[in-house]
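To keep things clear, I will list the structure first and then write my remarks on it.
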Amino acid sequence: MYDYIIVGAGSAGCVLAARLTEDPDIRVCLVEAGPTDSHPNIQVPAAFAKLFRTQVDWDYDTHDEAQLNRRRVFLPRGRVLGGTSSMNAMAYARGNPYDYDSWNQPGWAYADLLPYFKRSEDNERGASAYHGAGGPLSVSENRSKNPSTAAFIAAATEAGFAANDDFNGPEQDGFGFYQVTQRNGRRCSTAAAFLHPVIDRPNLTVETNLQVHRVLIEDGRATGVVGYRLEDEIVLRAEREVLLSGGVYNSPQLLMLSGVGPADTLRKLGIPVVADNEEVGANLQDHALVPLILTHSQPISLLAAGEPANVELYQREGRGPLASNGPEAGGFVRTDSDLPAPDLQFFAAPGMLADSGLGPPTAHAISFGPAVATPRSRGRVHLASADPTAKPRIVHDYYADPSDLERTLIGLRMAMDIGRRPAMRLYNEGAFRYPESESDADLKSYARKYTQSIFHPTSTCAMGSVVDADLRVRGVDGLRVVDVSVMPEVGRGIPNATAIVVAEKAADLIRGIPAPEAAELPEARVLAAADRGR
142 MYDYIIVGAG
152 SAGCVLAARL
162 TEDPDIRVCL
172 VEAGPTDSHP
182 NIQVPAAFAK
192 LFRTQVDWDY
202 DTHDEAQLNR
212 RRVFLPRGRV
222 LGGTSSMNAM
232 AYARGNPYDY
242 DSWNQPGWAY
252 ADLLPYFKRS
262 EDNERGASAY
272 HGAGGPLSVS
282 ENRSKNPSTA
292 AFIAAATEAG
302 FAANDDFNGP
312 EQDGFGFYQV
322 TQRNGRRCST
332 AAAFLHPVID
342 RPNLTVETNL
352 QVHRVLIEDG
362 RATGVVGYRL
372 EDEIVLRAER
382 EVLLSGGVYN
392 SPQLLMLSGV
402 GPADTLRKLG
412 IPVVADNEEV
422 GANLQDHALV
432 PLILTHSQPI
442 SLLAAGEPAN
452 VELYQREGRG
462 PLASNGPEAG
472 GFVRTDSDLP
482 APDLQFFAAP
492 GMLADSGLGP
502 PTAHAISFGP
512 AVATPRSRGR
522 VHLASADPTA
532 KPRIVHDYYA
542 DPSDLERTLI
552 GLRMAMDIGR
562 RPAMRLYNEG
572 AFRYPESESD
582 ADLKSYARKY
592 TQSIFHPTST
602 CAMGSVVDAD
612 LRVRGVDGLR
622 VVDVSVMPEV
632 GRGIPNATAI
642 VVAEKAADLI
652 RGIPAPEAAE
662 LPEARVLAAA
672 DRGR
């Protein structure tokens, strides 16, 4: 018997376990379907794509995407301590203040959350109005800063865009290097930052290689979970609450397997209905990236990361290509000057970002391109089977809303303009993947053929429809969801930072600790009603 059972030791689950067990009287069991985070490629930033489709990856794909020539899109998700924070690209970008303000959820405005962002953070730049120092999560400068990605930033400024050295500061617009969740050039996952330092607490039990099949719900209340390790059934009981931190695909799947979801679907699969809610699994959102790939002859790309000199540099100083997080640089841009905040996000990586990172590099290259930061298209996570070991059926429905494709075309033209600028001369010798022209027809064809996920799915258990502002599941007592599936909208940033702050705030909500005083921002950030939903 435990006070709380946390299902999923990922970006949110590790934070939640560490914060709840600060109280020695609270007994917590943290359950992870995958193994410990001992795989050597987890620690080396540039090796993250080598983890795809291995034992530490749930290895999901979308169903045939109607607007992408019926292609299936690869969706890696961490199945390991640290979850996706153990295999992501480590870029740290919280999102725009407007994102949080537009949620319209009490206690979740940006001013409310900034103290939590700062509490979690140990920023290499030190404490400031927007940053914290001394927290568990190491946020540092990129120790690669490849010459090609530096050239991309310079080319963007030549194209007329502003430079920005802090996407988490007072202004988000502009181009620069992303800060990263690394410590001394090594990955700093939430397992490394939050879980491992406290894993020996007597009130914390960590179960690995244990996949939860359903939540036990008795008389309308969650009382525990049923899972399997190999062939052995294991039942864990929660005296207070069950907390789902399985992520955007697994949390709604587990809710539906437990009888919480669309009643008609559940009945067809023979699952007893506990709470009828059509919104479980709905509202799925993601950032869809369209990369351009230029080749060059400069021996500085990630293709050279494994050369002896670079290996020695990394081992000695934690620097060089092996410290690269992949998308080192990027930027935020508005497609319309009247918008209250950027609606395009750019990424640039010093290598071939082909086929969602699954394609092996064949030449020195730079990949860069846009993603619509505020997509209007919505997908859904479906329960494909009553068998808990079956993968969910995922349909992102990219570009279902035509405006997403139209803004993608604007972003592609911006990217092509940046690629032609003098600063990019050394890195624009050939085209591995590039549109035939800037015509609408060629750009649309290119986008449909090469759009991929940048791995930022959110919103399938959204506040206001599936959970309330305290993250409690509607229709079931003693059950909450604590991960980025509770975000009403994906927003303008990288959701891993939001996963951490959701768990930070949830820990206070669960323990009944008053929220810190809202931050006084250097500039007023108030979202007008007319701006919402843009």
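Under this note's numbering, the first residue of the sequence shown is numbered 142, with each subsequent residue one higher. Just so it is clear, CB atoms sit at the ideal spot from N, CA and C, and this is done for glycine as well. The model shown is predicted, which means the values in this text are computed figures rather than measured ones.
Problem set entry | 7 Å CB neighbourhood of Thr-162 in its chain, flanking five on each side removed | So the list reads Val-169, Val-339, Arg-342, Asn-344, Leu-345, once near-sequence residues are dropped.
For this session: Select from Gly-422, Ala-445, Ile-375 the residue whose C-alpha is nearest the C-alpha of Pro-403.
Result: Comparing Cα positions, the closest option is Gly-422.
Exercise. Would you say Leu-384 and Val-623 are within 8 Å of each other, going by their C-beta atoms?
Worked result: Contact: yes.
Exercise. From Asp-542 to Ala-603, what distance separates their C-alpha atoms?
Worked result: In a straight line, the C-alpha of Asp-542 is about 20 Å away from that of Ala-603.
Exercise. Should Val-376 go down as buried or exposed, given a rule of 16 or more other Cβ atoms within 10 Å for buried?
Worked result: Under this definition Val-376 is an exposed residue.
Problem set entry | Straight-line gap, Tyr-390 to Ala-296 (C-alpha atoms, nearest Å) | Going from the Cα of Tyr-390 to the Cα of Ala-296 covers about 38 Å.
For this session: Whole angstroms is fine: what's the gap from Ala-671's alpha carbon to Glu-661's?
Result: With a pLDDT of 36 at Ala-671, under the threshold of 50, the modelled position of this residue cannot be trusted; read the value that follows with caution. When rounded, the distance between both Cα atoms is 24 Å.
Exercise. Which class does Pro-511 belong to by DSSP, given the choice of helix, strand or coil?
Worked result: Reduced to three states, the DSSP call for Pro-511 is strand.
For this session: Output yes if chain E places a C-beta closer than 8 Å to the C-beta of Val-353; else output no.
Result: Any reference to chain E falls outside this structure, which holds one protein chain only.
Exercise. Skipping 5 residues on each side, what residues in its chain have a beta carbon closer than 8 Å to that of Glu-262?
Worked result: Excluding sequence neighbours, Glu-262 sits near His-272, Gly-273, Ala-274, Gly-276, Leu-278, Val-280.
Problem set entry | Ser-626 versus Ala-303: straight-line alpha-carbon distance, rounded | Using only the alpha carbons, I get a separation of about 33 Å.
For this session: Would you mind stating whether Pro-487 and Val-474 have Cβ atoms separated by less than 8 Å?
Result: The residue you asked about is not Pro; residue 487 is Phe in the sequence shown. In contact: Phe-487 and Val-474 (Cβ atoms closer than 8 Å).
Problem set entry | Validate contact between the segment 499-519 and the segment 429-441 using beta carbons, cut 8 Å, 3 pairs | The segment 499-519 vs the segment 429-441: in contact.
Exercise. If you drop the 5 nearest sequence neighbours on each side, which residues of the same chain put their C-beta closer than 6 Å to that of Asp-446?
Worked result: It is worth fixing the name first, because residue 446 is Ala in this sequence and not Asp. Taken in chain order, the residues that qualify are Ala-187, Pro-462, Leu-463.
Exercise. Hey, is the segment 531-548 in contact with the segment 488-498, meaning 3+ C-beta pairs nearer than 8 Å?
Worked result: Remark: fewer than three beta-carbon pairs, one from each stretch, lie closer than 8 Å, so the segment 531-548 and the segment 488-498 are not flagged as touching.
For this session: Scan the segment 330-418 and note each continuous alpha helix (DSSP H) run of 4 residues or more that stays entirely inside, going in chain order.
Result: If only complete runs of 4 or more residues are kept, the segment 330-418 shows the alpha helix (DSSP H) at 391-398, 404-409, in order along the chain.
Exercise. Where does the unbroken beta strand (DSSP E) through Ser-279 begin, and where does it stop?
Worked result: Run containing Ser-279: 278-280, per the beta strand (DSSP E) assignment.
For this session: Determine the burial state of Asp-360: buried for a count of at least 16 other Cβ atoms within 10 Å of its Cβ, exposed for fewer.
Result: Exposed, by the Cβ-count rule.
Problem set entry | Three-state secondary structure assigned by DSSP to Pro-149 | Looking at the sequence itself, residue 149 is Gly, so the reference to Pro does not match. DSSP, reduced to helix, strand and coil, places Gly-149 outside both helices and strands of the structure shown, so it counts as coil.
Exercise. Which residues in the same chain have their Cβ closer than 7 Å to the Cβ of Asn-264, if we skip the five residues on either side of it in sequence?
Worked result: The beta carbon of Asn-264 is closer than 7 Å to those of His-272, Gly-273, Ala-274, Val-280 in its chain, skipping five residues each way along the sequence.
Problem set entry | Separation of Gly-310 from Lys-368, as counted between CA atoms | For clarity, residue 368 is Gly in the given sequence; the question names Lys instead. Looking at the two C-alpha atoms, the distance is approximately 43 Å.
Problem set entry | Close beta carbons around Thr-225, own chain, < 8 Å, minus the five adjacent residues each side | Excluding the 5 residues flanking it on each side, Thr-225 has same chain C-beta neighbours closer than 8 Å at Gly-151, Ser-152, Pro-217, Arg-218, Gly-219, Gly-388, Phe-596, Asn-637, in chain order.
Problem set entry | Reduced DSSP category for Val-522 - H, G, I as helix; E, B as strand; rest coil | The DSSP-derived three-state label of Val-522 is strand.
Exercise. Between which two residues does the beta strand (DSSP E) containing Glu-262 stretch?
Worked result: In the DSSP assignment, Glu-262 falls within the unbroken beta strand (DSSP E) covering 262-264.
Exercise. Got a sec? Which residues, its chain only, sit under 6 Å from Gln-394 by beta carbon, not counting five neighbours each side?
Worked result: Sequence-distant Cβ neighbours of Gln-394 in its own chain, meaning closer than 6 Å and more than five residues away, are Pro-533.
Problem set entry | Beta-carbon gap between His-204 and Val-631 smaller than 8 Å | One thing to note: His-204 has its Cβ no nearer than 8 Å to the Cβ of Val-631.
Problem set entry | As assigned by DSSP and simplified to three states, the class of Glu-206 | Note: Glu-206 maps to strand in three-state DSSP.
For this session: For Leu-371, count neighbouring Cβ atoms within 10 angstroms of its own Cβ and tell me buried if that reaches 16, exposed if not.
Result: Exposed.
Exercise. Would you report the Cα separation of Ser-285 and Arg-460, rounded to the nearest angstrom?
Worked result: Cα-Cα distance, rounded: 6 Å.
Problem set entry | Distance between beta carbons of Ala-482 and Tyr-239, contact taken as under 8 Å | Under the criterion of beta carbons closer than 8 Å, Tyr-239 and Ala-482 qualify as touching, at roughly 4 Å.
Exercise. Who are the Cβ neighbours of Tyr-591 in its own chain at under 8 Å, not counting the five residues just before and after it?
Worked result: Hits under 8 Å: Val-431, Pro-432, Arg-574.
For this session: Using the DSSP secondary-structure output, state which residues sit across from Ile-535 in a beta bridge.
Result: DSSP lists Thr-203, Val-522 as partners of Ile-535.
Problem set entry | Ala-644, enclosing alpha helix (DSSP H) - first and last residue | Note, Ala-644: alpha helix (DSSP H), 636-652.
Problem set entry | Cβ-based neighbour list, Arg-673, same chain, cut-off 6 Å, excluding 5 preceding and 5 following | Interpretation of Arg-673 is limited by its pLDDT of 33, a score under 50 that renders its predicted location unreliable; the figure taken from the coordinates is listed afterwards. Excluding five sequence positions before and after Arg-673, the CB atoms of its chain that fall closer than 6 Å to its own CB belong to Ser-243, given in chain order.
For this session: Consult DSSP for Ala-250 and reduce its assignment to one of helix, strand or coil.
Result: Ala-250: coil per DSSP, three-state reduction.
For this session: Work out the CA separation of Thr-515 and Phe-258 for me, nearest whole Å.
Result: Those two C-alpha atoms are separated by around 22 Å.
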